[in-house]
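These notes concern the structure reproduced below.
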Amino acid sequence: MASIFTRIINGEIPGRFVWRDEQAVAFLDVRPLAPGHCLVVPTLEIDRWTDLPGSVATHLMAVAHAVANAQQLVFSPPRVGLMIAGFEVPHVHIHVFPTTGMATFDFALANASPDPTELDTYAIALKAALRAAGHAAVA
């Protein structure tokens with residue numbers, strides 16, 4: 001059975017995409033730790049990040065870097081955090097999110113009911129920042 005991320009990538013479940021290319025997508029997390037929290041996900045459904053082909057792992061990090069720079073521009077946080085946990089969904093995903101400190105790296109603090117209008121606004125702003133930075137793979 002396809003993972004929920006594969007179903008989002010394939011359009012079976014809606015997602016607020018900010019990046020899409022042949023190897024990876026990035027979309028807003030539906031349970032964000034902070035405004036603009038994105039997931040960077042390979043189009044290839046692989047459970048463990050250590051099993052990724054090296055070229056895909058490298059590409060995911062490049063996408064995460066681009067998304068983080070867009071978040072920095074849009075939200076002006078002290079830092080942008082990055083995390084690979086690997087337990088909730090059996091499909092590699094990198095959490096990239098604006099952060100104010102280590103205490104925000106706690107999924108118990110995730111917003112279970114984010115405002116859909118705010119999520120749409122964040123997606124639009126992040127896509128604009130990615131386009132302004134010259135990225136062609138903006139969703």
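For the sequence shown, the positions run 1 to 139 when full-length UniProt numbering is used.
Just so you know, even glycine gets a beta-carbon here, dropped at the ideal spot from N, CA and C.
Computed from a predicted model, the values in this text were never measured in an experiment.
- By the neighbour-count criterion, in which a residue is buried when 16 or more other Cβ atoms sit within 10 angstroms of its Cβ, residue 87 is exposed.
- For residue 84, no alpha helix (DSSP H) run applies, since DSSP gives it neither H nor E.
- Between the C-alpha atoms of residue 31 and residue 113 there is a straight-line separation of about 7 Å.
- Approximately 18 Å separates the beta-carbon atoms of residue 119 and residue 7; this is outside 8 Å, ruling out the contact.
- Between residue 44 and residue 25 a beta carbon distance of about 11 Å is seen, past the 8 Å cut, so the two are scored as non-contacting.
- Boundaries of the alpha helix (DSSP H) around residue 130: 116-132.
- Contiguous beta strand (DSSP E) elements confined to the UniProt domain "HIT" (4-107) occur at 17-20, 24-28, 38-42, 79-83 and 94-99, taking only those with 3 or more residues.
- The shortest CA-to-CA distance from residue 10 to any of 81, 58, 71 and 42 is the one to 42.
- Burial check for residue 116: the Cβ neighbour count within 10 Å stays below 16, so the residue is exposed.
- The straight-line gap separating the alpha-carbon atoms of residue 129 and residue 37 is approximately 15 Å.
- Going by beta carbons, residue 29 and residue 110 fall inside the 9 Å limit.
- Exposed is the label assigned to residue 53, since fewer than 16 other Cβ atoms lie within 10 Å of its Cβ.
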